[in-house]
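All remarks here apply to the structure that follows.
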Amino acid sequence: MKWLGAQASSLHPDTLERLHKIIASKDYNKTVPNMIRAIHRTFGRNYIHFHKEIKKILFNYNYSVLVVQNSYNVF
Numbered sequence: 775m776k777w778l779g780a781q782a783s784s785l786h787p788d789t790l791e792r793l794h795k796i797i798a799s800k801d802y803n804k805t806v807p808n809m810i811r812a813i814h815r816t817f818g819r820n821y822i823h824f825h826k827e828i829k830k831i832l833f834n835y836n837y838s839v840l841v842v843q844n845s846y847n848v849f
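For the sequence shown, the numbering used here gives the first residue as 775, with consecutive numbering after it.
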């Protein structure tokens, strides 16, 4: 579990891609609470990468909403 936490707290630029690969691997068991906690809670505390990804998601969501609203001439 410590290795999973270390991967989730990494400052390496491709941390999120690494976590996706770990979660998709056969060694990751999503029914084991400690594994889930080790990755998700630790990544949530990874201020550099977590907040960078949240900003991307929010920007894409807001942009999608604006496109849909503009297509209906709401503004």
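Glycine is no exception: its CB is placed at the ideal position from the N, C-alpha and C atoms.
Would you call I813 buried or exposed, if buried means 16 or more other Cβ atoms sit within 10 Å of its Cβ? Looking at its Cβ environment, which holds 16 or more other Cβ atoms inside 10 Å, I813 is buried.
Taking only the alpha-carbon atoms, compute the straight-line gap between Y825 and G818 and give it to the nearest angstrom. Residue identity differs from the one stated: residue 825 is His in this sequence, not Tyr. So the alpha carbons of these two residues sit roughly 8 Å apart.
Between which two residues does the alpha helix (DSSP H) containing L811 stretch? Strictly speaking, residue 811 in this sequence is Arg, with Leu absent from that position. Residues P807 to G818.
Under the assumption that E827 contacts L778 (Cβ atoms under 8 Å), give the Cβ distance between them as a whole number of angstroms. With a Cβ gap of about 18 Å, E827 and L778 do not count as contacting.
Using a Cβ-Cβ cut-off of 7 Å (strictly less than) and excluding sequence neighbours within five positions of K800, which residues of its own chain qualify? Contacts found: none.
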